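Okay, structure first, notes after.
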Amino acid sequence: MVSGLQLSREDLTQAYRRMRRIRVFENALHAEFAAGEIPGFVHLYAGEEASGVGVCMHLDDRDAIASTHRGHGHCIAKGVETGPMMMEIFGREGGICGGKGGSMHIADLSRGMLGANGIVGAGGPLACGAALTAKTLGTGGVGVAFYGDGASNQGSILESYNLAKIWNLPMVFVCEDNGFAESTASSWSVGGSQIDRGKGFGIPSREVNGNDFFEVFNTAGEAIERARAGEGPTLLHMRLARYYGHFEGDAMTYKTAEEQATEKANDPLDFFRGRVIETQLLRQTDLDAVDAEIDAEIAEALAAAKAAPMPPTDQLTTDVYVSY
Amino acid sequence: MVSGLQLSREDLTQAYRRMRRIRVFENALHAEFAAGEIPGFVHLYAGEEASGVGVCMHLDDRDAIASTHRGHGHCIAKGVETGPMMMEIFGREGGICGGKGGSMHIADLSRGMLGANGIVGAGGPLACGAALTAKTLGTGGVGVAFYGDGASNQGSILESYNLAKIWNLPMVFVCEDNGFAESTASSWSVGGSQIDRGKGFGIPSREVNGNDFFEVFNTAGEAIERARAGEGPTLLHMRLARYYGHFEGDAMTYKTAEEQATEKANDPLDFFRGRVIETQLLRQTDLDAVDAEIDAEIAEALAAAKAAPMPPTDQLTTDVYVSY
Amino acid sequence: MPMKSYREAINEALVQEMERDERVILMGEDISGGTGGNGDQDAWGGPLGVTKGLRPKFGPDRVLDTHLAEISFVGAAAGAAATGLRPVVELMFVDFMGVCFDQIFNQAAKFRYMFGGKAVTPMVVRMMYGAGFRAASQHSQCLYPMFTHIPGLKVALPSNAYEAKGLLTQAIRDDDPVMFFEHKMLYDETAEVPDEPYAIPFGEANVTREGDDVTVVAFGRMVNIAGQAADSLAKAGITCTVVDPRTTSPLDTETILETVEETGRLVVVDEAHPRCSMASDIAGLVAENAFGALKAPIRLVTAPHAPVPFSPALEDAYIPSVGKIEDAVRDAMGHGSREAAE
Amino acid sequence: MPMKSYREAINEALVQEMERDERVILMGEDISGGTGGNGDQDAWGGPLGVTKGLRPKFGPDRVLDTHLAEISFVGAAAGAAATGLRPVVELMFVDFMGVCFDQIFNQAAKFRYMFGGKAVTPMVVRMMYGAGFRAASQHSQCLYPMFTHIPGLKVALPSNAYEAKGLLTQAIRDDDPVMFFEHKMLYDETAEVPDEPYAIPFGEANVTREGDDVTVVAFGRMVNIAGQAADSLAKAGITCTVVDPRTTSPLDTETILETVEETGRLVVVDEAHPRCSMASDIAGLVAENAFGALKAPIRLVTAPHAPVPFSPALEDAYIPSVGKIEDAVRDAMGHGSREAAE
Ligand SMILES: Cc1ncc(C[n+]2csc(CCOP(=O)(O)OP(=O)(O)O)c2C)c(N)n1
Ligand SMILES: Cc1ncc(C[n+]2csc(CCOP(=O)(O)OP(=O)(O)O)c2C)c(N)n1
Ligand SMILES: [Mg+2]
Ligand SMILES: [Mg+2]
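Protein chains in written order, with our numbering: chain F, 1 to 324; chain D, 325 to 648; chain R, 649 to 990; chain U, 991 to 1332.
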């Protein structure tokens, strides 16, 4: 398996592009929400980019991921297009779900993105189902469940560990531990430890610095290789942070200013940039070019979303069934 | 803490009485079911007596247990009377639940018996609730959840581990692993191990020979002492066997004749008898006297149940609410 | 035509659909049984023997015993359905829906809508329901009204072996999630069931009796009880049209309304609890859309607003009976005209 | 009388009942917030601030933040209720009931019956429900019809701040498990709310408007929308009796039937999906028990048989509106007499 530092220039640029795309996308939403432009609940993935991208760099269309309420980053990491995503978040016709889903339900099955999910922990079983499909049909695909530290206490996730183990499913469990479920600290809410739990179910489990794209990439690569080789599930416990509140509007007073500063100091994009420049894998100009490209892409997506019409009301009762 | 072998003669006789009471009660039901006398589903606890009794010998009316579909033994171990239990199982007026509950719903809240339960795993949260009551009201009581190997994979049980841990509840989790959930072997269905799972949640966990009353008594005693001292939950993994099928009518063809013979050879009552005689803690005549007493008790309960009338149909819609 | 039991009919539909389409897989607790043990394999074939013989026939990759943890395997069925398989998952008793309902009503049921029509979730959830088995409060419920309430789900209630095979075949071929309700008291009942595969379309009611006086709409096992009541009433000169809607969602509103237009009287028989039930659902439908035809108050025959009791004496009183249906029909006839009702 | 918001009214009921009875405890995710962190404690007071200030007041032993795992803490509330506490547990959104429904409908709801009347389970489950918040399919449902279906549960739907305080007070004092539905669009709405504690008895409807022409029965937030429709119709000379049943279980059937006897026409307004809903429940009640008084078809105004859409344009079309209610009332009036209907 190639390690992250052995990646080609193209791949490294691609990894950076996806992380940067997530960051700029989320920053744009942060601003738009504050301006009152976006309806409903919005949970931003900014700060967690290395996890989604480091994992999804190993995946292709055979593979399926299940996501969470904090799903934009996973979508982008898995290759979902930002234009239709943005329209969806604005509730417009042309949105990837026709405006019916919104931020919490963005999905793109054609890309193996099984959906953001408004129900915490619900993606665990769904990803196991995708892994079962891959195993049954012999596609070589894997299932990946992303979920938070809060979700790690849900019956749905805990049961999924066991199902994946005893059915020997090609699964990777990615616990994105950003330290909080809403305002409740994972240091309090999680008895024992994520990796001891995984091992308790017989699943190889690793703790990972989720701010370090390379560490994520390497451990995820091993896990996915194991899964593809028929060796069953792996659990990765990503330690990372979210930069914004739980949802937009959350003042985050449950974190001290010091804690927030430390989090910002461990920015995964800064870390990545520092690393690739230091090792001369990429040049500053390469990165700047990506930044400009992404800024333009997201600005365009935003403008298009704002210009798009609302869905016509005759769409209200379509898409409930295939046939009825 | 006194160890099992330091128990008084009275206590040892009481332990034997309860185990014997369970055995004779269950054997009677086995025969009655075969004779077509008992309606519905009946799951017998015969073979698992040392677990329920070894744990409940430490409990009193401050303490509450939550049980399973295989609940008769837990009821008897916690001091519920066999007469009203028998009537309940026969669906008669005078049954402990007025005939409304049946075998799967026997409860006696006055004795801290929170109910057998038709939903596998449901007792875990309920016992945590009882432990919370004890903690909040400062009664010194503990909550005990009995559940099977099958149940150990349920979200309800797994979540309860964490809740008990982080709320530091006075709880004991007693996983009664009889090797099978219905016809499915726990060696297959349980990924990892019970005690590694417990430890994964930060809960001290022990494997226990569930056929050995003394080992059960000693480990349960420590766990309950910890709980009463405010030191939080403990998990005990009891290895034991059920003598009869999953429910009455199950031909148990998923176990080999050899396995069934081994199980019988490890009979917890035989083991107890052997041990107390060998160590001269009790005499054969003491045991024989208990046997006779229990035979008479159960015969009487059986006769009374068969003689009791069915509940009048005006009871159909009573007891739904306290007030409505 | 060969006589087969409801159990055999279901088994046969599973076999034939699995033969027809290799994406059809089965999963559930002990649906084969003996997994991981040293004794007999396929030891159970489901707790009531419905899926016996399928694992030996189709192998362990298509007939999967699960662990005892419904959130994960029902959810896995939903995920598998959305990614290319056509799982038939057994929940054993519908009463267990409470541990995994989210995966059914928030996930499988809503994928298509939430994802703007881009998801297809062809899964079937098979469940035993109903009273009569002395199985008490947590193993005897109906609960189909709750599933019927949820947009995105289809709900089928076969009333006999013929219906069971045809509706299950349709359920498996259907591209939407189908909740398939098997009444535990019907497994040993037999009917004429063709050997060849056939699908009964959803949303097309079956009129099992035709009569002039009263329309009786009944569900699942109650179709048979209502039929008995109708036969008995016919001897007394009161003739009923008995409608088996077969599926509560979609519902064949047309047939129901048409027959009420003809008879002018409606009795609904629903084994579920009365509140927010199929009984009230049909009453609402008719009171809104065939009001002008009604000559008498609608009569609803349901179980009481009480859990299912264990004692045989109480359980027998709990279940809607031939007698209670007859009374309701006679009662509706007592209001022979609107004038009489006023 | 002081004006208070629905949010404040709920907070006040909690405070007063916790002061009155020390067995009352609260639990839920982030109902205080900040637990385990180094920043502010009581950082949230619930996602919408309803329980703010309670932990500082009553301490962490009576206001418990939970982990994010509803099976265990909702079940623990049931177990605690059966053993001597009186827990008020917050499920946040009713949409999450699917992960813990078993503990509600098979456990808490059935203890008393299954145990032959020997259990008392005084617990309250507080839940946000309803559309309008652009919260999409999994955070906007009503679902109270499913709880109403279950014997053993009581179901309260306060329509304004006054009702919220009085009904929650009753819910906490009640010895049966109560499902308490708070409409998320009402939290900021104000009403006159007395400072002193008061309990509104369950099963006693509130008639918010009296009129001659049509009875409008509405639930929760819809009581207000129906009231607006009634006010607008009154200007056009059509007067409505608007009934807020307050609790769907128990249901004040008497008031509903009496007012229909007076007006002869019924419109039911229910924000839930139409099938097996409260709309159909009331229709069934009336079609069975006040048929003789009905002069026109019953009209049901509900959300469609579709999940709740995200897009504001679609969600606005989804929710029963003043206009739709007015249309239904006018429609019922169009059938001014039975003769006209025929
Ligand atoms: C079953 C369920 N319970 C509660 C919620 C409300 N809720 C949404 S996100 C969230 C916190 C999630 O925490 P975590 O899993 O750590 O993910 P994060 O938000 O930190 O990414 C909660 C409690 C929900 N959506 N679903
Ligand atoms: C939630 C739920 N799923 C399935 C069942 C059906 N069922 C009843 S007992 C049982 C097996 C239980 O196995 P285990 O927990 O090991 O207990 P044992 O019967 O061995 O004592 C099953 C699957 C149930 N009652 N509840
Ligand atoms: Mg988190
Ligand atoms: Mg077992």
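Ideal Cβ positions, reconstructed from N, Cα and C, are used throughout, including at glycine.
Here the structure is a predicted model, which means the values were calculated and not measured.
Does R:Asp822 come out as helix, strand or coil in the three-state DSSP assignment?
As a working note, residue 822 of chain R is residue 174 in the third sequence. Correct three-state label for R:Asp822: coil.
Between D:Ala446 and D:Met576, what straight-line distance do the alpha-carbon atoms span, to the nearest angstrom?
Stepping through the second sequence from its first residue, residue 446 of chain D is reached at position 122. Stepping through the second sequence from its first residue, residue 576 of chain D is reached at position 252. The alpha-carbon atoms of D:Ala446 and D:Met576 are separated by roughly 25 Å.
Quick one: is the Cβ of U:Asp1164 within less than 7 Å of any heavy atom of ligand 4?
The sequence position of residue 1164 of chain U within the fourth sequence is 174, counting from 1. Every heavy atom of ligand 4 is 7 Å or more from the Cβ of U:Asp1164, so no.
May I ask you to list, following chain order, the residues of the region 1137-1155 of chain U that have a beta carbon less than 8 Å from some beta carbon of chain R?
Against chain R - using a Cβ distance shorter than 8 Å - the residues of the region 1137-1155 of chain U are Thr1138, His1139, Ile1140, Pro1141, Gly1142.
Indicate the three-state DSSP secondary structure (helix, strand or coil) for R:Leu791 in the structure shown.
The sequence position of residue 791 of chain R within the third sequence is 143, counting from 1. It is coil, neither helix nor strand.
Take the Cβ of F:Ser103 as the centre, count every other Cβ of all protein chains shown within 10 Å, and call the residue buried at 16 or more, exposed below.
Here residue 103 of chain F refers to the residue found at position 103 when the first sequence is read from its first residue. Buried, because 16 or more other Cβ atoms sit within 10 Å of the Cβ of F:Ser103.
Which ranges does the alpha helix (DSSP H) cover as unbroken runs of at least 4 residues, wholly within the region 1262-1302 of chain U, from first to last along the chain?
The qualifying runs are 1268-1279.
Cα separation between F:Gly73 and F:Gly274?
Here residue 73 of chain F refers to the residue found at position 73 of the first sequence. Here residue 274 of chain F refers to the residue found at position 274 of the first sequence. The straight-line gap from Cα to Cα measures roughly 22 Å.
Buried or exposed for R:Met762, going by 16 or more other Cβ atoms inside 10 Å?
Within the third sequence, numbered from 1, the residue matching residue 762 of chain R stands at position 114. Buried.
Please confirm whether F:Ala145 and F:Gly124 have their CB atoms less than 8 Å apart.
In the first sequence, the residue the question calls residue 145 of chain F occupies position 145. In the first sequence, the residue the question calls residue 124 of chain F occupies position 124. Cβ distance < 8 Å, so F:Ala145 and F:Gly124 count as in contact.
Please list, in chain order, all residues of the same chain as R:Gly984 whose beta carbon is under 8 Å from its beta carbon, the five residues on each side excluded.
By one-based count along the third sequence, residue 984 of chain R stands at place 336. Low local confidence applies: a pLDDT of 44 at R:Gly984 is under 50, so the model's placement there is unreliable, and no value is given.
Say yes only if the C-beta of R:Glu936 is nearer than 7 Å to one or more non-hydrogen atoms of ligand 6, and no if none qualify.
Inclusion of ligand 6 in the displayed structure is not the case, the ligand content consisting of ligand 1, ligand 2, ligand 3 and ligand 4 alone.
Taking 7 Å as the limit between beta carbons, can you name the residues of its chain near F:Asp291, skipping five residues before and five after?
In the first sequence, residue 291 of chain F corresponds to position 291, counting from 1. Within the same chain, F:Asp291 has close Cβ partners Arg20.
In angstroms with no decimal places, state the Cα-to-Cα distance between U:Ile1021 and U:Pro1050.
Taking the fourth sequence and counting its residues from 1, the one referred to as residue 1021 of chain U is at position 31. Taking the fourth sequence and counting its residues from 1, the one referred to as residue 1050 of chain U is at position 60. Cα to Cα, U:Ile1021 sits roughly 11 Å from U:Pro1050.
Mind checking which residues open and close the alpha helix (DSSP H) that includes F:Met86?
One-based indexing of the first sequence puts residue 86 of chain F at position 86. That run of the alpha helix (DSSP H) goes 82-89.
Is R:Met775 near ligand 2, in the sense that its beta carbon is under 7 Å from a heavy atom of that ligand?
Translated into positions along the third sequence, residue 775 of chain R becomes position 127. Not under cutoff, so the answer is no.
CA-CA distance, R:Phe706 and D:Ala509?
Counting from one through the third sequence, the residue named residue 706 of chain R turns up at place 58. Counting from one through the second sequence, the residue named residue 509 of chain D turns up at place 185. Taking the straight line from one Cα to the other gives about 21 Å.
I'd like to know if F:Phe201 contacts chain D, where contact means its C-beta is closer than 8 Å to some C-beta of that chain.
For the purposes of this step, residue 201 of chain F is taken as residue 201 along the first sequence, with counting starting at 1. Closer than 8 Å to some Cβ of chain D, the Cβ of F:Phe201 qualifies, so yes.
Does any C-beta atom of chain R lie closer than 8 Å to the C-beta of F:Asn27?
As a first step, residue 27 of chain F must be located in the first sequence, where it is residue number 27. Judged by the 8 Å Cβ criterion, F:Asn27 is not in contact with chain R.
Measuring only from the beta carbon, is D:Arg563 closer than 7 Å to any heavy atom that is part of ligand 2?
Here residue 563 of chain D corresponds to residue number 239 of the second sequence, with the count starting at 1. D:Arg563: no, Cβ never under 7 Å from ligand 2.
Return no unless some Cβ of chain D is closer than 8 Å to the Cβ of U:Ile1061.
The count along the fourth sequence starts at 1 and reaches residue 1061 of chain U at position 71. U:Ile1061 counts as touching chain D.
Taking only runs of the beta strand (DSSP E) that begin and end inside the region 33-89 of chain F, which ones reach a length of at least 3 residues, in chain order?
The region 33-89 of chain F contains these whole beta strand (DSSP E) runs: 64-66.
For the region 154-180 of chain F, enumerate the residues whose C-beta is nearer than 9 Å to any C-beta of chain D, in chain order.
Within the region 154-180 of chain F, the qualifying residues are Gln154, Gly155, Ser156, Ile157, Leu158, Glu159, Tyr161, Asn162, Leu163, Ala164, Lys165, Ile166.
Note down the Cα distance separating U:Val1005 from U:Lys1042, rounded to an integer number of angstroms.
Position 15 of the fourth sequence, counted from the first residue, corresponds to residue 1005 of chain U. Position 52 of the fourth sequence, counted from the first residue, corresponds to residue 1042 of chain U. Going by the C-alpha atoms only, they are around 11 Å apart.
Residues in the same chain with beta-carbon distance under 7 Å from R:Asp688, minus the five sequence neighbours each way, listed in chain order, please.
Sequence index remark: in the third sequence, residue 688 of chain R carries index 40 (1-based). For R:Asp688, where only same-chain residues beyond five positions count, the Cβ hits under 7 Å are Gly682.
My output table needs one value for R:Ala965: the three-state DSSP class, helix, strand or coil.
Taking the first residue of the third sequence as 1, we reach residue 965 of chain R at position 317. Note: R:Ala965 maps to helix in three-state DSSP.
Between F:Gly191 and D:Tyr485, is the Cβ-Cβ spacing less than 8 Å?
Position 191 of the first sequence, counted from the start, is the residue given in the question as residue 191 of chain F. Position 161 of the second sequence, counted from the start, is the residue given in the question as residue 485 of chain D. Yes, the Cβ-Cβ distance between F:Gly191 and D:Tyr485 is below 8 Å.
From what residue to what residue does the beta strand (DSSP E) around F:Asp177 run?
Start at 1 with the first residue of the first sequence, and residue 177 of chain F comes out as number 177. It spans 171-177 - the beta strand (DSSP E) in which F:Asp177 sits, taken as one unbroken run.
I'd like to check one pair, U:Glu1007 with U:Ile1190: are the Cβ atoms closer than 8 Å?
Walking along the fourth sequence from the start, residue 1190 of chain U turns up at place 200. Walking along the fourth sequence from the start, residue 1007 of chain U turns up at place 17. No.
Can you give me the C-alpha to C-alpha distance between R:Arg655 and R:Glu830, rounded to a whole angstrom?
Walking along the third sequence from the start, residue 655 of chain R turns up at place 7. Walking along the third sequence from the start, residue 830 of chain R turns up at place 182. Taking the straight line joining both Cα atoms gives about 9 Å.
What residues come near ligand 3, if near means a beta carbon less than 6 Å from any of its heavy atoms?
With the cut-off at 6 Å, the residues found are F:Gly148, F:Asp149, F:Gly150, F:Asn178, F:Phe180, F:Ala181.
Once the 5 residues before and after D:Gly569 are set aside, which same chain residues still bring their CB inside 8 Å of it?
Walking along the second sequence from the start, residue 569 of chain D turns up at place 245. Ala575, Met576, listed in sequence order.
Going by CA-CA distance only, name the one from F:Ser189, F:Pro39, F:Thr82, F:Ile119 that's closest to F:Thr68.
Numbered from its first residue, the first sequence carries residue 68 of chain F at position 68. Closest option to F:Thr68, Cα to Cα, is F:Ile119.
Using a beta-carbon distance below 8 Å, is D:Ala632 in contact with chain A?
Absent from the structure is chain A; the protein chains it does hold are F, D, R and U.
So who's on the other strand from U:Cys1230, going by DSSP bridges?
Counting from 1 along the fourth sequence, the entry for residue 1230 of chain U is found at position 240. According to DSSP, U:Cys1230 bridges with U:Val1204.
Three Cβ pairs or more, each shorter than 8 Å: is that satisfied between the region 1089-1106 of chain U and the region 1060-1070 of chain U?
Contact between the region 1089-1106 of chain U and the region 1060-1070 of chain U is present, because at least three Cβ pairs lie under 8 Å.
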